[in-house]
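**Student:** Right, I'll just put the structure down here and ask away after.
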Amino acid sequence: MLSNKTCGLLVVLSLFLGGCAQYENQRGVEVSWQQAAVADFSTGSTTRAEVMSKLGPPSQLISLGDETVLYYLYEHSIGDGLILIVYNDFNVETRYDRAVFFFDENDVLSEFATHIVPDFGD
Amino acid sequence: MIEPLLRTLLLLSFILLQACTRWQYEMGEPLADYTQQAAADGPVTMTQVMADLGPPLRLSAGASGYIFAWEFWQVSEKSLGISLGSLGADFLSIDWGEASVDGEFLLLTFDREHRLSGAALSNWQGDLGGGAAVQPFFGVVDVVDVDDLVTRLPQHQWGAARLLPPFEALNTPSRPDMGTTGIQQRGTPTGVGQQSLEMD
Numbered sequence: 000m001l002s003n004k005t006c007g008l009l010v011v012l013s014l015f016l017g018g019c020a021q022y023e024n025q026r027g028v029e030v031s032w033q034q035a036a037v038a039d040f041s042t043g044s045t046t047r048a049e050v051m052s053k054l055g056p057p058s059q060l061i062s063l064g065d066e067t068v069l070y071y072l073y074e075h076s077i078g079d080g081l082i083l084i085v086y087n088d089f090n091v092e093t094r095y096d097r098a099v100f101f102f103d104e105n106d107v108l109s110e111f112a113t114h115i116v117p118d119f120g121d
Numbered sequence: 000m001i002e003p004l005l006r007t008l009l010l011l012s013f014i015l016l017q018a019c020t021r022w023q024y025e026m027g028e029p030l031a032d033y034t035q036q037a038a039a040d041g042p043v044t045m046t047q048v049m050a051d052l053g054p055p056l057r058l059s060a061g062a063s064g065y066i067f068a069w070e071f072w073q074v075s076e077k078s079l080g081i082s083l084g085s086l087g088a089d090f091l092s093i094d095w096g097e098a099s100v101d102g103e104f105l106l107l108t109f110d111r112e113h114r115l116s117g118a119a120l121s122n123w124q125g126d127l128g129g130g131a132a133v134q135p136f137f138g139v140v141d142v143v144d145v146d147d148l149v150t151r152l153p154q155h156q157w158g159a160a161r162l163l164p165p166f167e168a169l170n171t172p173s174r175p176d177m178g179t180t181g182i183q184q185r186g187t188p189t190g191v192g193q194q195s196l197e198m199d
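So the protein lines, in turn, are chains A and B. The letter at position 84 of the first sequence is residue 83 when you use numbering that gives the first Met the number 0, and the numbering goes up by one with no holes. The letter at position 98 of the second sequence is residue 97 when you use numbering that gives the first Met the number 0, and the numbering goes up by one with no holes.
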């Protein structure tokens with residue numbers, strides 16, 4: 000039968016052989032659509048060239064008739080894990096910073112919106 | 000003094016429990032039920048909607064306008080494996096697993112004048128499936144799999160559509176992640192519908 004000493008050793012091993020993990024994953028374009036950066040953009044006057052000059056190439060370009068849409072996406076995942084001998088627990092949270100710009104047939108900004116998830120991954 | 004029963008359970012857990020694992024995924028941010036607000040406020044513009052909800056997570060042009068979607072998912076996967084490998088009998092493993100989901104998907108459509116033309120909110124709560132397996136010699140079956148629900152958003156792949164395998168590249172004009180032919184929710188099977196020709 001297992002002795003108390005062996006039992007204690009197993010418990011100690013389980014404590015010290017365990018581990019933890021923390022990781023993050025980022026995909027998409029650099030977030031350059033902070034409030035200050037887009038403050039100069041205004042519907043009816045800002046052109047598509049000006050937006051692309053400031054924000055760079057988009058993640059996706061969509062067209063509908065004469066309209067075009069530039070979509071910018073930054074996907075950010077943060078994970079943490081508890082790794083024990085007999086039990087492992089992992090949590091992964093993903094958030095999406097994004098911006099979308101609509102342009103009319105003259106390539107002038109007609110609608111836009113941006114979103115940056117606050118206090119995530121800081 | 001540790002009771003014999005406790006000592007035995009402790010020893011068995013170290014020998015038999017190959018892994019007891021729990022994965023918890025959370026994607027996006029909780030949604031507001033915009034369908035009621037849209038109905039109550041009458042005609043709503045795209046500008047108002049994006050001011051309230053931010054840019055959509057999925058976006059596509061359609062024949063009559065634009066399709067926007069927002070989503071929030073919580074996916075949980077639990078699995079337990081028991082193996083006799085520690086006893087030198089590496090010929091048998093017993094696995095059990097289950098997965099569950101709590102998801103919200105808000106779909107809004109706009110006409111060509113950027114006015115809201117339709118709204119729907121769906122909630123999906125419950126089992127995603129699971130299973131148990133007794134596998135001799137080799138573990139060849141995953142008893143629970145949520146990979147199709149935790150994939151990245153399709154916008155990241157948009158520029159690389161022509162680099163996909165032949166059947167998928169040829170189907171690009173019909174793929175629902177190209178921004179021109181509608182959108183689809185996570186976990187939608189590809190065996191039917193717009194992606195059936197991809198023979199995935």
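C-beta atoms are modelled at their ideal positions from N, C-alpha and C, and glycine is treated no differently.
Is it buried or exposed for D176(B), if we count other Cβ within 10 angstroms and need 16 for buried?
**Tutor:** Indexing the second sequence from 1 puts residue 176(B) at position 177. Classification for D176(B): buried.
**Student:** Using alpha carbons as the reference points, say which of R174(B), L162(B), R151(B) lies closest to S195(B).
**Tutor:** In the second sequence, the residue the question calls residue 195(B) occupies position 196. Comparing Cα positions, the closest option is R174(B).
**Student:** Could you run through the stretch 47-72 of chain A and flag, in chain order, every residue whose CB is less than 9 Å away from some CB of chain B?
**Tutor:** So the close ones are P56, P57, S58, Q59, L60, I61, S62, L63, G64, E66, V68, Y70, Y71, L72.
**Student:** CA-CA distance, M45(B) and C19(B)?
**Tutor:** Here residue 45(B) corresponds to residue number 46 of the second sequence, with the count starting at 1. Here residue 19(B) corresponds to residue number 20 of the second sequence, with the count starting at 1. Spanning the two alpha carbons is a distance of roughly 47 Å.
**Student:** M26(B) by DSSP, collapsed to three states: which one?
**Tutor:** Along the second sequence, one-based indexing puts residue 26(B) at 27. Correct three-state label for M26(B): strand.
**Student:** Secondary structure at D146(B), three-state DSSP: helix, strand or coil?
**Tutor:** For the purposes of this step, residue 146(B) is identified with residue 147 of the second sequence, where counting begins at 1. D146(B) falls in the helix class under three-state DSSP.
**Student:** So, Y71(A) versus S62(A), is the Cβ gap smaller than 8 Å?
**Tutor:** Position 72 of the first sequence, counted from the first residue, corresponds to residue 71(A). Position 63 of the first sequence, counted from the first residue, corresponds to residue 62(A). Result no, Cβ atoms of Y71(A) and S62(A) do not sit closer than 8 Å.
**Student:** Applying the 10 Å Cβ sphere with the 16-neighbour rule, what's the burial state of E104(A)?
**Tutor:** The residue given as residue 104(A) occupies position 105 in the first sequence. Under this definition E104(A) is an exposed residue.
**Student:** Taking C-beta pairs closer than 7 Å, name the residues in chain B that H114(A) reaches, listed in chain order.
**Tutor:** Here residue 114(A) corresponds to residue number 115 of the first sequence, with the count starting at 1. Neighbours of H114(A) on chain B, chain order: G53, P54.
**Student:** How is the beta strand (DSSP E) around T67(A) delimited, first residue to last?
**Tutor:** Here residue 67(A) corresponds to residue number 68 of the first sequence, with the count starting at 1. Looking at the DSSP string, the run of the beta strand (DSSP E) that includes T67(A) is 66-82.
**Student:** Pop quiz: G64(B) and D110(B) are said to be a contact at Cβ under 8 Å. What is the actual Cβ separation, rounded to whole angstroms?
**Tutor:** Numbered from its first residue, the second sequence carries residue 64(B) at position 65. Numbered from its first residue, the second sequence carries residue 110(B) at position 111. Between D110(B) and G64(B) the Cβ distance is about 4 Å, and since that is below 8 Å, they are a contact.
**Student:** Determine, using beta carbons only, whether D94(B) and A132(B) come nearer to each other than 8 Å.
**Tutor:** As a working note, residue 94(B) is residue 95 in the second sequence. As a working note, residue 132(B) is residue 133 in the second sequence. Yes, the Cβ-Cβ distance between D94(B) and A132(B) is below 8 Å.
**Student:** Just mark L8(A) as buried or exposed, buried being the case when its beta carbon has 16 or more other beta carbons within 10 Å.
**Tutor:** Counting from one through the first sequence, the residue named residue 8(A) turns up at place 9. Flag for L8(A) reads exposed.
**Student:** Assuming L108(A) and T42(A) are in contact, meaning their beta carbons sit under 8 Å apart, how far apart are those beta carbons, in whole angstroms?
**Tutor:** Sequence index remark: in the first sequence, residue 108(A) carries index 109 (1-based). Sequence index remark: in the first sequence, residue 42(A) carries index 43 (1-based). Indeed, because the Cβ distance is near 5 Å, the residues count as touching under 8 Å.
**Student:** Please go through the stretch 23-64 of chain A and give each complete beta strand (DSSP E) segment of 3 or more residues, from N-terminal end onward.
**Tutor:** Runs of the beta strand (DSSP E) inside the stretch 23-64 of chain A: 59-63.
**Student:** Anything in chain B within Cβ reach of N87(A), meaning under 8 Å, just list it in chain order.
**Tutor:** Position 88 of the first sequence, counted from the first residue, corresponds to residue 87(A). The contacting residues are A18, C19, T20, R21.
**Student:** Say whether chain B places a C-beta atom closer than 8 Å to the C-beta of T20(A).
**Tutor:** The count along the first sequence starts at 1 and reaches residue 20(A) at position 21. Note on identity: in this sequence residue 20(A) is Ala, with Thr being the wrong assignment. Answer no: the Cβ-Cβ gap between A20(A) and chain B never drops below 8 Å.
**Student:** Counting only beta-carbon atoms, is T45(A) nearer than 8 Å to chain B?
**Tutor:** By one-based count along the first sequence, residue 45(A) stands at place 46. No, T45(A) lies away from the interface with chain B (no Cβ there is under 8 Å from its Cβ).
**Student:** Kindly indicate which residue of G129(B), L152(B), M198(B) has the alpha-carbon position closest to the one of L169(B).
**Tutor:** Here the question's residue 169(B) lines up with position 170 in the second sequence. Nearest of G129(B), L152(B), M198(B) to L169(B), Cα basis: M198(B).
**Student:** Sort out for me which residues DSSP pairs I66(B) with in a bridge.
**Tutor:** The residue you call residue 66(B) lines up with position 67 of the second sequence. Note: I66(B) sits in a beta bridge opposite S59(B), T108(B).
**Student:** Taking the Cβ atom as the reference point for each residue, do F150(A) and V50(A) lie within a distance shorter than 8 Å?
**Tutor:** The structure shown does not extend to residue 150(A), since chain A is modelled only from 0 through 121, so no value can be given for it.
**Student:** Going along chain B in order, which residues have a C-beta closer than 8 Å to the C-beta of V91(A)?
**Tutor:** In the first sequence, the residue the question calls residue 91(A) occupies position 92. Near V91(A) (Cβ distances below 8 Å), the residues of chain B are W22, Q23, Y24, E25, V149.
**Student:** Tell me the rounded alpha-carbon separation between G186(B) and L148(B).
**Tutor:** Along the second sequence, read from residue 1 onward, the residue named residue 186(B) stands at position 187. Along the second sequence, read from residue 1 onward, the residue named residue 148(B) stands at position 149. Each residue's Cα considered, the two are about 5 Å apart.
**Student:** Using 8 Å as the limit for Cβ to Cβ distance, is A98(A) near chain B?
**Tutor:** On the first sequence, residue 98(A) is found 99 positions in, with the first residue counted as 1. Closer than 8 Å to some Cβ of chain B, the Cβ of A98(A) qualifies, so yes.
**Student:** When you compare the CB of G80(B) with every CB in chain A, is at least one pair closer than 8 Å?
**Tutor:** Counting from 1 along the second sequence, the entry for residue 80(B) is found at position 81. By this cut-off, G80(B) is not an interface position.
**Student:** Please state whether the Cβ-Cβ distance between G102(B) and W123(B) is less than 8 Å.
**Tutor:** On the second sequence, position 103 is the one that residue 102(B) refers to. On the second sequence, position 124 is the one that residue 123(B) refers to. It is a contact, given that the beta carbons lie within the stated cut-off.
**Student:** Using CA coordinates, which residue listed in T171(B), T150(B), L5(B) is at the minimum distance from A160(B)?
**Tutor:** The residue given as residue 160(B) occupies position 161 in the second sequence. Selected option, being the one with the closest Cα: T171(B).
**Student:** For S76(A), count neighbouring C-beta atoms within 10 Å of its own C-beta (all shown protein chains included) and say buried if the count is 16 or more, exposed if not.
**Tutor:** Working through the first sequence from its first residue, we reach residue 76(A) at position 77. Buried.
**Student:** Compare the Cα-Cα distances from V30(A) to each of G64(A), L81(A), T45(A), P56(A) and report the closest residue.
**Tutor:** As a working mapping, residue 30(A) is identified with position 31 in the first sequence. The shortest C-alpha separation from V30(A) is found at P56(A).
**Student:** Assuming L127(B) contacts S99(B) under a Cβ cut-off of 8 Å, what Cβ separation, rounded to an integer in Å, is found between them?
**Tutor:** Here residue 127(B) refers to the residue found at position 128 of the second sequence. Here residue 99(B) refers to the residue found at position 100 of the second sequence. Yes, L127(B) and S99(B) are in contact; Cβ-Cβ is about 6 Å, under 8 Å.
**Student:** Using a Cβ cut-off of 8 Å (strictly closer), state whether W95(B) contacts chain A.
**Tutor:** What you label residue 95(B) is simply residue 96 of the second sequence in a count that begins at 1. Cβ-Cβ to chain A under 8 Å: no for W95(B).
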